[in-house]
Each structure stands twice: as structure tokens, then as C-alpha cells.
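Step one of this worksheet: look at the structure below.
Protein chains: 2
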Amino acid sequence: MGAKLLDGKKTAEDIREELKDKVRELTLNDCRPHLALINVGDDPASQVYLRAKGAACEKLGIESTLHKFPANVDRARLEDAIIALNEDKKVHGVLLQLPIPSHLPEDQMILAMDAKKDVDGFHPLSAGLLASGTPGFVACTPLGVVTLLHRHGVPINGKHAVIVGRSRIVGRPLANLLSMKRRDLNATVTLCHSGTSNLPGITRQADILVAAIGCAGAITGAMVKPGAAVVDVGMNRVPDPSKKSGYRLTGDVVFDEAAEVASWITPVPGGVGPMTVAMLMSNTVKAAAMQAGLKVEDAYNA
Amino acid sequence: MGAKLLDGKKTAEDIREELKDKVRELTLNDCRPHLALINVGDDPASQVYLRAKGAACEKLGIESTLHKFPANVDRARLEDAIIALNEDKKVHGVLLQLPIPSHLPEDQMILAMDAKKDVDGFHPLSAGLLASGTPGFVACTPLGVVTLLHRHGVPINGKHAVIVGRSRIVGRPLANLLSMKRRDLNATVTLCHSGTSNLPGITRQADILVAAIGCAGAITGAMVKPGAAVVDVGMNRVPDPSKKSGYRLTGDVVFDEAAEVASWITPVPGGVGPMTVAMLMSNTVKAAAMQAGLKVEDAYNA
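Taken in order, these protein sequences are the chains called A and B.
With positions in the first sequence counted from 1, the corresponding number in this note's numbering is that position plus 183.
With positions in the second sequence counted from 1, the corresponding number in this note's numbering is that position plus 183.
In C-alpha cells form, the structure reads like this:
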């Protein structure tokens, strides 16, 4: 293996240590960061994610509250709860854990949130501010990808970044972020997806290749340009009888092949995953500081 | 010249004819479309644009009102005027002619507008809804580019579109629009800009090449892939003593060279320019229909 690891676990730990100091400072200023987590129904994966987010808050001294609603909650009740959290001055960040049951209009529920508390960065206003070059809250996974690249000294300015996958929470905001006119970004960006013809011909041009497809093994070593930085956002369960759980987690990239060709590569797990939670914490601290009227040191804030 | 012309003048005329019927129908339903144009100061170019927009409204039977403010208007007064137009049920579209004097915060003034009346598509919420795959109002120039391609039968799905220029009113929304997951869009999109290395190497891959740079002659014939569709958004004044005005208008593309190589090409003037005004009219009619609670036939509305 020739590639250096883009170690998300270690980087996320560093960021958490830095955030602890900020949380302490805010708490001394009577503005302890507070993240409200909204959970509708009993989706088992959601329970795991929510526990992880709550635990991450606790470790940093961030207050978190869980607002649980039954799967059959009606729209008005959920909307009222979101509005109440918008108005609650003690709450700085509001996160609606997705997916929500299909009788609820997901888009409308997200629109009901105050974009000033949108620490997930999923509100269309957050997406639009990013696309307009004046980001508010950037979605946690794209923010985590860029932070991981920066902290490992991967050059971005003037490079060609190819993103495979156009989801509104990863691929699209990442395309808008990487192409921002800033000295530490400023990449030429190609957004590929299920409709792309000759994908390998495009990925082989990538100085930075980001896979966010959700399909194990979609990116082989032959699709990677020598010397590239490969970021694997995929997190797929592959059956594995040798594991107790019966499966193992794997990304979208064939790691062993890509690691021979690339100069940098993220492991899965331990790459982008931990960064996403760290960025949620970072956005929550930023939200608290902004709402307290404090100056926010934030690289991605215009 | 081998390329077919992407005739924006003719296409815009066709669209205006179609819109006339819709305006008549809305007017009969007691909902005559009404566009409010806001003008701050005396920028001469702005006066020309505003007159053109007012005249376009008049031809279609759309009501337009001009709201003029002196260059030294204070922020609060302008903001109050915007809010009053937001609340005025007789007004369906609100357009703030840019640029505005530098003592006024442009971003904040646009944010003050109700996104439901944002017929220019410049509000960050409009940009974000587009980036999220559920467009509200799409900015007029990108919408005009795509409409021009569609009406000339240029294939987009599965093609590689290269956009040169990342402005928030052209390049960026066009990138988000062309890459939407829809049968008549679904392009792979590369966004290039001033930071791009080896621009010709990328533009020569483009099945659809969009120049939105603002620099005469930036795209030469050698940068165009044979058989491509070339869309020139540029509108540059080049000194020309043979003209009465002392200048002529030219795009970003060296037309004669590119027309030899491409299969389709826009003239300048007469290409994208007329489409932009036609799309403003289309967005205004759509705004009126939506505010009247009528079903809107709009290809770009999710």
C-alpha cells in the first residue's frame, strides 16, 4: 500500500479536543451549547445514530435533549414542536433525525426549522447560502470531507475534484463547497451520478476522488488516477459469515486496489464517518456562539 | 459554418406567444400577473434593463410597476418597501434590479424578499431548493439556457456539460439544474472557473459547453469538441470604431471558429439574452398562477 491514510478517527478526536475548550468558554459565558434531537418513530438505525450523537454531545459538555414522537404523530404536532424549539432561546441547534415516516412531508418539516439552528445543514436556505458563496451551516458530511483533506495537507486549489453521487446531503453540497472561490478550496469540480457515461474515464482525471454512491466496490483501482486523494463516503453492509453480526462494513471503493494507486485514502470505517459527527458538534458550537452574539471563528463562514 | 444556430430570439418569441394565452386566462380569473420592479439609484445600464423588462411585461399583458428609490436611500426604507411588496396580494413577482449602491447590503436585501415572489431566482432559498432537487424559481439565465437546448432538441441526458464560470446567478445554478435527476436533464456536469488548470483539456470533453465568463474571445475553436453544443452567455463590449456607438457586443466564444467545429451554437446577441427576459416573464406568470392557487404547468417544478 502506497497511500497515506486520511485518518478520520484521529482527526475527529483532535477536533473534539478543540471544541471542548470552546464549549467550556461558552458555558462560562452562560451559553452552554444545546442540541435538540427530534426522533419520530422507532427506526432501529435512527436509534443508533441518535445515541451516538447524544453521547458525542455529552463527551464535549454540550447539552442534548431527545424529543421523541410516535410513528403516527400528525404533521401539525411535529411542526408545532419544531417551531417551539426554534423559539426556545436555550436551544441552539435542532436536528430532525431522518428518515421520518412517509405520511409526514420531509421537505416541509425541514423548511419549518429555523435555518439559524440548522446544524445538520439540510435546510434549503443553508444549501442556497452555500451555493451563493456565503455559507451558513454546511452539511456535516461535506464539511467533514473538506476538513479531513485540509488537516492532512491535501492540496485542493486548482485541482480537479470528481464527486460520484449527487445526493442533496453529500454530493451536491460538496460540489458547491469544493468549488468556492477561496484560497483553500477553488477546485474544478465534476459531479457524476447514475446517468454518467464513461465513469472510469472521468474518475481517472480526478486529483480528488469522492465516492458517495452507496454501492460496495463501485470504484476499483483502475478508476483511480495515480497520486490522487480518494475519499470514500460509502458505508455499505456486506454479508460476512466470519463476523458475529453476519456482515461487515465496507465503502464504495475497493480499498486494497485504490490504496496501491492513490497518494491518500480514507479507511472505512474510520474515515469520513467519525468526521460527520465531529462536524455536527462543531456546527452546534458555532450555532451557540452565533446566537450568543459572539464572534465565530469558522473557516467556512463568509 | 457547420453548426445550427440556437436561435434565442425566435425561441423567446415562441415562448412569449404561449405566455400571452396564459396571461389572458389568469386575467380572466381576476389574477392578472403583476411584476414589481425595484430600482435604486441611476445606474444607466439598469435603466436600460428595467425599460426592457417593463416593455416585455406590457407586450404580454402583464402589469408592471416601477418602484424608484434615490441612490442614498437608507436600508430600512428599502427593506420596508420590499416587505410591503411581499405582503401586497396584487403583486406576484418582486425584482430588485442589481447592482444596488454599496452602502446597502445586497444579500440582506435579497433575503428580505419573499421567496414565493422571487421571480429572478436570486434568493438563497430558491438556489437551495434547486440544489435540493425541488426547484421553486430557477434563475432566469440558467432556465433560459436549458429551455433553449430543449427547444432545439439538443440531448442532455447522459451528456457531459462543462460550464465555465461559477457566478451565483449563472454558472452555479446551471450546474445544479443540468445535473438534476430528470429524464430531460441528468447531465454529468463540470464547473470550471478562474482557478481551473488546463481549461482546454476539460472544455474539449464537453458535449455541452457553456461559457459564462465575461471575457471576449476566451473560448476558441480549438477548445470545442467536434459536434458539441456551444452556449455563449457572455455579453462583452468590444471597441469598434465602425459602429455608431463605438463598440460592438460579443460573447465569450470566438463564434466563427467554434461554429466550424460545433453542431449547435448560440449567436451573440440573439442567443441567451432574449431567453433571459422570456424566462422572467415565464416565472412571473408562474408566480401569479401559484399565488392564485392554480395548478402550474412548469417543467422545472418538482
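C-beta atoms are modelled at their ideal positions from N, C-alpha and C, and glycine is treated no differently.
Of all Cβ atoms in chain B, is any one closer than 8 Å to the Cβ of residue i?
i, result
"Arg-387 (chain A)", "no"
"Asn-466 (chain A)", "no"
"Ala-172 (chain A)", "Outside the displayed range of chain A (184 to 485) lies residue 172 (chain A), so it cannot be described from this structure."
"Asn-340 (chain A)", "yes"
"Ala-314 (chain A)", "yes"
"Asn-269 (chain A)", "no"
"Leu-261 (chain A)", "no"
"Lys-364 (chain A)", "yes"
"Arg-351 (chain A)", "yes"
"Asp-290 (chain A)", "yes"
"Arg-355 (chain A)", "yes"
"Val-222 (chain A)", "Note on residue identity: the sequence assigns Asn, not Val, to residue 222 (chain A). No - not a single Cβ of chain B is within 8 Å of the one on Asn-222 (chain A)."
"Asn-419 (chain A)", "no"
CB-CB under 6 Å to residue i, same chain, minus the five flanking residues each way: which ones, in chain order?
i, result
"Val-479 (chain B)", "Lys-469, Ala-472 and Met-473"
"Asp-190 (chain B)", "none"
"Glu-246 (chain A)", "Arg-215 and His-217"
"Ala-485 (chain B)", "Because the pLDDT of Ala-485 (chain B) is 30, which lies under 50, any placement of that residue in the model is unreliable, and the question is left without a value."
Who pairs with residue i in a beta bridge, going by DSSP?
i, result
"Phe-252 (chain B)", "B:Val-223"
"Pro-422 (chain B)", "B:Tyr-430"
"His-217 (chain A)", "A:Glu-246"
"Lys-187 (chain B)", "B:Trp-447"
"Cys-375 (chain B)", "B:Val-347"
"Asp-415 (chain A)", "A:Ala-394"
"Val-302 (chain B)", "None, per the DSSP bridge assignment."
"Ile-402 (chain A)", "A:Val-436"
Enumerate in chain order the residues of its own chain whose CB-to-CB distance from residue i is below 7 Å, with the five nearest sequence positions on each side excluded.
i, result
"Asp-271 (chain A)", "none"
"Lys-205 (chain A)", "Val-468"
"Leu-188 (chain B)", "Ile-448 and Pro-450"
"Phe-320 (chain A)", "Asp-301, Val-302, Gly-304, Ser-309 and Asn-466"
"Ala-441 (chain A)", "Ile-402, Gly-404, Val-407, Val-413 and Ile-448"
"Ser-350 (chain A)", "Ala-395"
"Pro-284 (chain A)", "Val-223, Gly-224 and Ala-254"
"Leu-202 (chain A)", "Leu-243, Met-464, Ser-465 and Val-468"
Smallest Cα separation from residue i: which of the options?
i, options, result
"Leu-332 (chain A)", "A:Asp-197, A:His-286, A:Thr-210 and A:Ile-448", "A:Ile-448"
"Pro-282 (chain B)", "B:Ala-239, B:Ile-352 and B:Gly-244", "B:Ile-352"
"Val-277 (chain B)", "B:Ala-259, B:Gly-237 and B:Pro-284", "B:Gly-237"
"Ala-399 (chain A)", "A:Ser-362, A:Val-437, A:Val-414 and A:Leu-233", "A:Val-437"
"Asn-269 (chain A)", "A:Lys-300, A:Phe-320, A:Ala-254 and A:Pro-288", "A:Lys-300"
"Leu-368 (chain A)", "A:Val-329, A:Cys-240 and A:Pro-216", "A:Val-329"
"Ile-391 (chain B)", "B:Val-345, B:Met-462 and B:Leu-326", "B:Val-345"
"Leu-549 (chain B)", "B:Glu-262, B:Val-274 and B:Leu-326", "For chain B, the structure presents residues 184 to 485; residue 549 (chain B) sits outside this window and is missing."
"Met-363 (chain B)", "A:Asp-213, A:Leu-374 and A:Arg-365", "A:Leu-374"
"Ala-411 (chain B)", "B:Leu-218, B:Glu-208, B:Pro-338 and B:Leu-209", "B:Pro-338"
"Leu-463 (chain B)", "B:Met-418, B:His-217, B:Leu-313 and B:Lys-426", "B:His-217"
"Asn-340 (chain B)", "A:Thr-324, A:Ala-389, A:His-376 and A:Asp-257", "A:His-376"
"Thr-433 (chain B)", "B:Pro-424, B:Asn-419 and B:Ala-264", "B:Asn-419"
"Val-460 (chain A)", "A:Arg-366, A:Thr-324, A:Asp-297 and A:Glu-246", "A:Thr-324"
"Leu-294 (chain B)", "A:Met-292, A:Gly-311 and A:Ala-295", "A:Gly-311"
"Ala-239 (chain A)", "A:Ala-475, A:Asp-213 and A:Glu-200", "A:Glu-200"
Applying the 10 Å Cβ sphere with the 16-neighbour rule, what's the burial state of residue i?
i, result
"Ala-267 (chain B)", "exposed"
"Ser-428 (chain A)", "exposed"
"Lys-193 (chain A)", "exposed"
"Gly-378 (chain A)", "buried"
"Met-184 (chain B)", "exposed"
"Asp-435 (chain A)", "buried"
"Asp-197 (chain A)", "exposed"
"Val-347 (chain B)", "buried"
"Gln-280 (chain A)", "buried"
"Asp-415 (chain B)", "buried"
"Ser-425 (chain B)", "exposed"
For chain A, check one thing: does any of its Cβ atoms lie closer than 8 Å to the Cβ of residue i?
i, result
"Cys-375 (chain B)", "yes"
"Arg-258 (chain B)", "no"
"Thr-317 (chain B)", "yes"
"Asn-212 (chain B)", "no"
"Ser-285 (chain B)", "no"
"Ala-492 (chain B)", "With chain B covering 184 to 485 only, the question about residue 492 (chain B) has no answer from this structure."
"Tyr-483 (chain B)", "Bear in mind that a pLDDT of 49 at Tyr-483 (chain B), under 50, signals an unreliable position, so the model cannot answer this."
"Pro-307 (chain B)", "yes"
"Ser-380 (chain B)", "yes"
"Thr-371 (chain B)", "yes"
"Asn-255 (chain B)", "no"
Kindly list, in the order they appear in chain E, the residues whose Cβ is closer than 7 Å to that of residue i.
i, result
"Ala-310 (chain A)", "The structure shown contains no chain E; its protein chains are A and B."
For residue i, collect the residues of the same chain with a Cβ closer than 8 Å to its Cβ; drop the 5 residues on either side in sequence, then sort them by chain order.
i, result
"Arg-334 (chain B)", "Thr-194 and Asp-197"
"Ala-264 (chain A)", "Ile-221, His-250 and Phe-252"
"Ile-385 (chain A)", "Val-345, Thr-373, Cys-375 and Thr-379"
"Leu-360 (chain B)", "Leu-313, Pro-318, Val-321, Pro-325, Leu-326, Val-329, Leu-368 and Tyr-483"
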